[in-house]
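Residue numbers (mature numbering (1 follows the signal peptide of the UniProt record, and there is no 0)): -15 to -1, 1 to 89.
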């Protein structure tokens, strides 16, 4: 299934260039992304690389508001934390659940 998703994603890549290391993105402070004066709770969950000889394909979709502008994205990473493939795409106006499903 991962192989199939990877092939589907490659054919629709939008030429996204990753300008930061995965480690930079992983450790970027969450509070910088929050609205002024509003603090976000930090999660105790952390990303872990896949086992040796495996790949991890993290994907997500999100929408602004109930039926707002939506986008999808994903990243394929090896056991060393190296980005092998990434994608992002605006998908127009959509519900959050629809954006999540489109990301798959």
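Think of the CB as a built atom: it goes at the ideal place given N, C-alpha and C, for glycine as much as any other residue.
Alpha-carbon spacing of residue i relative to residue j, whole angstroms
i	j	result
residue 71	residue 80	23 angstroms
residue 89	residue 82	11 angstroms
residue 43	residue 32	10 angstroms
residue 73	residue 30	23 angstroms
6 angstroms Cβ shell around residue i - same chain, five flanking residues per side excluded
i	result
residue 55	48, 76, 79, 84
Contact set for residue i: own chain, Cβ-Cβ below 7 angstroms, skip 5 residues either direction
i	result
residue 87	46, 57, 76
Own chain, CB closer than 8 angstroms to residue i, minus 5 neighbours either side, in chain order
i	result
residue 35	41, 62, 63, 64
residue 37	64
residue 69	40, 61, 62, 63
residue 52	78, 79, 80
Span of the beta strand (DSSP E), counted from its first residue to its last, around residue i
i	result
residue 61	53 to 62
residue 44	41 to 48
Beta-bridge partners of residue i, as assigned by DSSP
i	result
residue 71	60
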